[in-house]
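S.K.: Take the position in the sequence shown, starting the count at 1, then add 409; the result is the number in the numbering used here. Glycine included, C-beta positions come from ideal geometry on N, C-alpha and C. Structure below; questions to follow.
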Amino acid sequence: MIATPADVLGAVTEEVRALHDPADRDRLTFEHWVPRSERKQRQRLFVASVLDGTPRYVAKVALDPEDAMVGREWRILRALHEGATTVPSPVAALERGFAMASVGSRDLPDALRDADPATWRRLLVRGAEIGARVHLSDERAVGDTTAPPTAPLESGHDLPVETVEALARARVGAVHGDMGPWNFRVADDGALSLIDWEDYAPRGICALDVLNLLLTASLIAYPEYRERGFDWLFGRLYDGDDPYHDAVRAALSRYEEVTGEAPATVLALTPVFCGAMIRRISAQGRPVDHLFFGPLAAYFADRPLRRLGGAHV
């Protein structure tokens, strides 16, 4: 039976409390949330402990007993924590999930909404660097790797010719699998960390992680799209010249410096990214027709994205 947050909150809170030194337990406070989502399957409860104002641990637990992905993420965190890839430190297995060290107090989208141009640039460049470190890793011993990459290696059927050409040269390797802005956390000192590793795969198309971060960030940069529509958004995305474009250009350039993957290759894979997101979200039982992925793929087919902000990348 699928539990409600109220069913398990007390037990999870006590599990997290028990992870702390007994002398500290009376000074703890707790926060909890269920992420806002249209997901009908695999809902999760998060419980965070705070000691004297400092976040310490975060528990992630499955409300659905059939949800195997939380357990998979625990195994991935434990395996990757021993290697070169930086992940939140795994703390302990819990009855319904696991606890990890807290890595930041704010979601990246919230930080970007309040950011000045220099901060936009710094955060997106740092996000691209974190993705590059994942993509350059050679870590295979992650236990259960049966979950497929976010996007299978596409055949090229019905894709624009420059996308097919980009697929032939695209980097294939370890991928996070869901590297959207919502899966980065920002610490009080500005440090950026990547969370939610349940879709990690040792083999996938690396550029899709970068596109997930950079293209989805446009929804934060241009919130007016909700009233003006996707055509207006894509017009800004393709032909704008503002702090968002400056930050994206800097992030793509930094990603190329670290990995050797040219910005043109990354951008040409936009339709592959869009298709992968549609499949992934549909598989979770969530609607996709109102999202920007389908319209963006169609817009790209008519006018491939070769530049950002009026400058070739």
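Comparing alpha-carbon positions, which option in Val421, Arg712, Asp650 lies nearest Thr572?
M.R.: Nearest C-alpha to Thr572: Arg712.
S.K.: Near Pro602, what residues of its chain come up, given a Cβ to Cβ distance below 6 Å and the 5 sequence neighbours on each side ignored?
M.R.: Note on identity: in this sequence residue 602 is Ser, with Pro being the wrong assignment. Excluding residues within five positions, the ones whose Cβ falls inside 6 Å are Val512, Gly513, Arg594.
S.K.: Looking at Leu503: is its Cβ nearer than 8 Å to the Cβ of Val496?
M.R.: Going by C-beta atoms, Leu503 is not nearer than 8 Å to Val496.
S.K.: Spell out the partners DSSP gives Ser458 in its beta bridges.
M.R.: Bridge partners of Ser458: Phe439.
S.K.: Pairing CB atoms from the segment 473-492 with CB atoms from the segment 528-540, are three or more of them under 8 Å?
M.R.: Counting Cβ pairs under 8 Å, fewer than three are found: no touch.
S.K.: Please state if the CB of Tyr653 and the CB of Ala616 are separated by a distance shorter than 8 Å.
M.R.: In this structure, Tyr653 does not lie closer than 8 Å to Ala616 by Cβ.
S.K.: Does DSSP put Ser511 in a helix, a strand or coil?
M.R.: If DSSP states are grouped into helix, strand and coil, Ser511 belongs with coil.
S.K.: Between which two residues does the beta strand (DSSP E) holding Ser546 run?
M.R.: Unbroken run through Ser546: none, as it is neither H nor E.
S.K.: What span of residues does the alpha helix (DSSP H) with Pro680 cover, start to end?
M.R.: Here the alpha helix (DSSP H) through Pro680 covers 679-692.
S.K.: Between Ala382 and Ala501, is the Cβ-Cβ spacing less than 8 Å?
M.R.: With the chain represented from 410 up to 722, any question about residue 382 goes unanswered, as that position is not in the structure.
S.K.: Could you compute how far the alpha carbon of Tyr609 sits from the alpha carbon of Asp618?
M.R.: Distance between the alpha carbons of Tyr609 and Asp618 is about 11 Å.
S.K.: Do three or more CB pairs link the segment 457-473 to the segment 575-591 at distances below 8 Å?
M.R.: No, they do not touch.
S.K.: Measuring alpha carbon to alpha carbon, tell me which of Val421, Leu428, Leu678, Gly694 ends up nearest Leu568.
M.R.: For the residues Val421, Leu428, Leu678, Gly694, the minimum Cα distance to Leu568 belongs to Leu678.
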